[in-house]
Structure formats: C-alpha cells, structure tokens
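What follows is a single structure, written as structure tokens, with notes after it.
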Ligand code: HEM
C-alpha cells in the first residue's frame, strides 16, 4: 500500500488547516473586540491575512497530497477510486477539499465557514483511517463513460451542499453569544443566508445531473434506468427534500434560522445517502455487478 | 411530496410486489399541482428557464407513466447456434399498452467468452450474435455488459447467468422420429459443483445425468470461460451403473438409445423494452438546462451585496446597532 503515507500526510495537512483556521478566527474576534469598531470597519488585519493564506496553503497541500494518494493507488491497482468505501472516501476527501479550497480562495466571506466545514471533512478523515485499505476489483459494468459524469456531478452536488452547510452552521452558531462575538466580523445573516441558498441551488442542479447520469448508466449496466434500489430511493428522497427546501424558502419565506436547519438536513441526508446506504444494500452500487 | 416520499420508501427494494398506485397517486397529485402552478403562477410562467424546468418535470412524470404502460421485460436463455424465439422468453412482464414488434426480432446466438480474474471475479463478457442484414445474409455483432443488443427497440443485455448445454438425442425403440434437444445445465461457474439435470424424452423415462467439465476454471489466477475450449463428459446412471459418455457416444437404455451429440453453451439475456427512453433522457436534460438557465439569470441579475464598500457599510450598521442595543441593555439594567 504505497499510497498510505501520502494519505496520512494529506489528512495531516487538512488537520493543520483546521487548527490554524480556528486559531485565526479566535484571534480575529479578540482583535475586533479590543479595537472595535475602527479596525473592524477598516477591514481585515495583516495577521489575519497571513492566517488565511496559511489555511489556504495547508488545504492546497492536503488536496495535492490526496491527488498523489489517488494516483499512486490508481497506478498500482489499475483502476480509479470508484469501488470500495476506502477509496470512495479518499476520493470525496479530495474533491470536497478541492471545491472548498477554490471557494475559500475566491469568496472571502466563506473563509469563516472553515470552522464548520473542516471538522465535517474530518468525520470522513477519521473514518478512512478506521477502514481496511484493501484493493478493489473493477466491475465489468464500470467500463462506461457515464461513470465520469455520474461520479463528477455527484461530487459537485456534495461539495456545494457542504459549503451551504458551512454557512448554515455559521448562522446557527451565531445564535450563541460566544460565537456571535467570534463571527462579528462577518456580514449579517441575510447575506450569509442568501449565499448559502445559492450554493443549494447549484447543489440541486448537480444533484439532478447526477441522477440523470446515474439513470442512463443504470440502463446500460443493469438494463433498467430506475428500480427503487436502496441508493436510488435514498437519492430520490434526497432530491425531493432539496427541492422542497428550496420551495419552502422561496415560496414561504421561512425564517433564516429554520432555513439553515433545512440546509443542514439536506446535507445530513446526502451524507447518509452517500456513505450510509451502501451498508444496508447488498444490491447495486455495492460489489461487483 | 410527502405522499410521494412515502410511496418511494414503500417501493424501496421491492418494486415488483409493491402496488404501483403508491407511486402513481402521489405522482398524479403532484402533476395536477404542477400544472396548476405552471398556469397560475406568473413567477413560473413568465420566466423561461423556470417554465422549461417545470414543464420538464411534468414531462418526466408523464413519460414515466407512458413507459410503464408500454414497457416489456423478460429473460431468455439461448443456446449457441440457435435463433431467438419469442416462446423461449420467461418471467415476462409487460404494460397493458405494450405493442412493440417483438415478432420481427431475429438473431442467432454465437459463442461467447467471459473473463475472470483471480478469486473468480467476473470481468468483461463478449457475446457474438448474428443479425440479418439487408442483403439476406447475416452480420456479426459483439455485445456484452454495458452494450446491449438493440433490435426493434428491444434491448438484450447479457447477464451473469450462462452455462453449458449438452445436446442430446433420443432414438426410441418403438420407431418414433429421433428427438434432439439441448439441456441447459445450471449457471456456470456459479454452480460448478452441481452440474446435474434430467431429461424426459417423449415415450421414455426420466434420464438423470451430470456433466464433468474441463474448462480451465481456477480461482488462483485469471482465466477465460470459453465454451469452444471446454470439454464435458456426460455421466448417466443406467440401471444403477455409472456410464460416461463423450460427444458422439451413446448408451442403450430402457425404451431407446441416448446419444450425446455435442457440448454447447447457453447465454442468459435480460430483455428490456421502453419506447420512452430517448425522450426521457432528452426531457430530463432540457429540464436541467432550464434550471441552469434560471439560476444563471438569478445569479447574474440579483446582487448579493458583498462588494467591499457595501460590506463595510453593513458592518458599520451592524456594529452601530449592536452598540445601540448594548447601550439599551446598560440603560435597562
Ligand atoms: C438511477 C440510477 C442511479 C442513482 C440514483 C445513483 C445514485 C448515486 C448516489 C446517490 C451516489 C453517491 C453515493 C456514493 O458515493 O457512494 C452514487 C455514487 C456512485 N454510483 Fe450511482 N447511481 C445510479 C446508477 C449508478 C450505476 C448504474 C453505476 C455503475 C454501474 C453507479 C456507480 C456509482 C459509483 C461508482 C459511485 C461512487 C461515486 C463516488 O463517490 O466516487 N451508479 N450513485
């Protein structure tokens, strides 16, 4: 398993990024408290900039190390990370990390969400460490270009839900006085909420694309495009839930905090669909078909 | 939506036994609701992208319904060298409006190979079939796994279910015409350990036999299942005595002679027919394009209020208001 050292190094980089991000937010809030309002209004201090640069560098390093992990394993076993949970988790750690790192770099308001997003990534990180890093066998039905569409769209769906969840988490945490102080440099909830829902809209587009690509592939691979197996049912319910949440938000103007709870529920549902369903379904998606 | 969610949960893993109505009723309600929303809600019908999206959703529901009504599914096992016949289909399920041209479907099964890796992990299947060409001859095609044989809209998918088939003849003592048939042995290599079956020729008694195969099967390394490279000895019990037959050999039995003609193979296919497939894909694709267009417009026309100046202003307002509220709390206390 020559890829394991790279995996550990990648996870370590993510872990350091998490710690540095938390320390940075903590420092920022005490700086804001000490010098408010003049400094806060003037913008972010140089030390905070450095902190964010460091987080960005660590996350980028993590992503690169995971790319090396995946590439090394790919070359060794002869196929991509699409089959067993060990490789699926590494692949998600890579793609969630990549999308989040780009978002972190390009959209400064998102940076605070690192304190929610990075610990969530760590759930995957710890899980992957607990798994047997066994090799997998590439099923005959996976020789199909729809694999790339299906898996790719799925990755964007999960990544956008994760970013939405980061923002929703920040909105909810702000309800407590400690975090209200911690996050006092951020724009108000109305803006965060708007931004979070934009990511959820993107998530809906990619969720729909993933389902379509999955259905086309299922027609090729299993001779039917839809058959209500565990993962199909779960991902359809997930899609309905996301659609319902978006309708609730636009039609009924649900309060911001309730909206945040909805976003988090969509993410939790997606998480269970992605990583939980394969455990109680012997069919489809699990094993060689 | 809740009803639909419940319906979907009920159908989970058990689509055949669950009543189709747990899905149809909520889908219909949803469709009616959707039509009403599309007609009455200017927020939908004035915006192109959103309109396409909602019409697309409606289209998908309708197409799925039409698909269920006109679909056909089934299984068929075909012996190498023989032609597909409608009569050999089993487990057939079809919608009440199914009217495809199954009678026009003609193809002859050729040999096939299945690749196995070490530890008996099944790899690619290549199944050779011949279909009639326009000049009255035959054209050979290779299908397998993700690549179905597509004829008259019917899709034939190879399955893991395939095996050997000894071709047997019964030459009856009473002078009836010779009867020849292929006996499908259990799926191979899944049931490698019990390659036994029986055959009752007309006017004869049931003949029990098993097949001793040499196929190169191993779970230590990779191998290829190919009926052309396999040999099989037919073992028959005649009057309590074990008799081994090679292809071409025969054995006398009460009432006639059994001749083992040759060893052949059979491939199991899954049949699927649904005339809405392409339309479904096109509609689903357009639906997402509609959604994409709508969101794109939304994102490019509605500002988030996140540029630096606005942010600084907002922050100031937020701080002023916290200052005010702090001052208030101080006053109150
Ligand atoms: C209607 C059909 C399908 C639906 C609704 C569907 C749904 C999903 C969902 C929700 C996931 C995320 C779960 C996970 O990552 O473990 C997923 C992942 C995956 N699916 Fe499907 N799927 C469908 C068809 C297929 C088919 C036919 C194949 C292959 C034969 C396939 C192969 C995969 C693979 C390899 C992943 C892992 C992606 C990754 O996380 O890297 N799917 N699918």
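Protein chains in written order, with the numbering used here: chain X, 7 to 295; chain E, 2 to 334.
Glycine residues also receive a C-beta, built at the ideal position from the N, C-alpha and C atoms.
Would residue 244 of chain X and residue 276 of chain X be called neighbours here (beta carbons separated by less than 7 Å)? yes
Measuring only the C-alpha atoms, how far is residue 216 of chain X from residue 57 of chain X? 36 Å
Does any C-beta atom of chain E lie closer than 7 Å to the C-beta of residue 280 of chain X? no
Supposed contact pair residue 247 of chain X and residue 271 of chain X - C-beta distance, whole angstroms, cut 8 Å: 7 Å
Please list, in chain order, all residues of the same chain as residue 35 of chain E whose beta carbon is under 7 Å from its beta carbon, the five residues on each side excluded. 55, 58 and 59
Along the stretch 176–200 of chain X, where does the CB come closer than 7 Å to a CB of chain E? Name the residues. 193, 194, 197 and 200
Name, please, each residue of chain X whose Cβ falls closer than 8 Å to the Cβ of residue 283 of chain E. Under the 8 Å cutoff, chain X gives no residues; its nearest Cβ is about 11 Å from residue 283 of chain E.
Test: residue 36 of chain X CB closer than 7 Å to a CB of chain E: no
Three-state secondary structure (DSSP) at residue 147 of chain X? helix
Going by DSSP, what residue range makes up the alpha helix (DSSP H) through residue 215 of chain E? Careful: residue 215 of chain E lies outside any alpha helix (DSSP H), inside the beta strand (DSSP E) at 208–215.
If contact is defined by three or more beta carbon pairs under 8 Å, each pair taking one atom from either stretch, is the stretch 128–142 of chain E in contact with the stretch 181–194 of chain E? no
Is residue 302 of chain E buried or exposed, if buried means 16 or more other CB atoms sit within 10 Å of its CB? exposed
For residue 159 of chain E and residue 153 of chain X, the rounded distance between their alpha carbons: 20 Å
Could you compute how far the alpha carbon of residue 292 of chain E sits from the alpha carbon of residue 213 of chain X? 12 Å
Where residue 131 of chain X and residue 95 of chain X are concerned, what is the direct C-alpha to C-alpha distance, given to the nearest angstrom? 8 Å
Other residues of its chain near residue 137 of chain X: CB distance less than 8 Å, five sequence neighbours each side excluded: 91, 92 and 95
Given this structure, state the Cα-to-Cα distance separating residue 62 of chain E from residue 188 of chain X, to the nearest angstrom. 48 Å
Under a CB-based cut-off of 7 Å, is residue 293 of chain E close to chain X? yes
To be precise: take each residue of the stretch 135–148 of chain E, compare its Cβ to all Cβ atoms of chain X, and keep it if any distance is under 9 Å. Which residues remain? 145, 146, 147 and 148
Where residue 149 of chain X meets chain E, residues with beta-carbon distance less than 9 Å: 125, 146 and 147
To the nearest angstrom, how far is it from the Cα of residue 109 of chain X to the Cα of residue 127 of chain E? 45 Å
Could you check what DSSP says for residue 102 of chain E in three-state terms: helix, strand or coil? coil
Alpha carbon to alpha carbon, how far is residue 198 of chain E from residue 245 of chain E? Give it in angstroms, no decimals. 15 Å
Span of the alpha helix (DSSP H) around residue 55 of chain E: 49–71
Does residue 23 of chain E come out as helix, strand or coil in the three-state DSSP assignment? helix
Within 7 Å (strictly less), CB to CB, does residue 158 of chain E reach chain X? yes
Give me the Cα-Cα distance between residue 94 of chain E and residue 32 of chain E, rounded to the nearest whole angstrom. 26 Å
Whole angstroms is fine: what's the gap from residue 161 of chain E's alpha carbon to residue 232 of chain E's? 21 Å
Any chance the stretch 273–280 of chain E sits against the stretch 69–82 of chain E, with 3 or more Cβ pairs inside 8 Å? yes
Would you call the stretch 280–295 of chain E and the stretch 243–257 of chain E touching, i.e. three or more CB-CB distances under 8 Å? no
Compare the beta carbon distance of residue 92 of chain E and residue 227 of chain X with 7 Å and say whether it is the shorter of the two. no
When the Cα atoms are used, what is the spatial distance from residue 290 of chain X to residue 242 of chain X? The predicted model places residue 290 of chain X with a pLDDT of 42, which falls under 50 and marks its position as unreliable; any figure quoted below should be read in that light. For residue 290 of chain X and residue 242 of chain X, the distance between alpha carbons rounds to 15 Å.
For residue 207 of chain X, would you say it is in contact with chain E, using Cβ-to-Cβ distances shorter than 7 Å as the test? yes
Hey, out of X:141, X:203, X:180 and X:64, whose CA is closest to residue 78 of chain X's CA? X:141
Close beta carbons around residue 47 of chain X, own chain, < 6 Å, minus the five adjacent residues each side: Legend: pLDDT at residue 47 of chain X = 44, less than 50; position of this residue unreliable, no value from coordinates given.
Where the beta strand (DSSP E) through residue 138 of chain E begins and ends: That residue, residue 138 of chain E, is in no beta strand (DSSP E); it is neither H nor E in DSSP.
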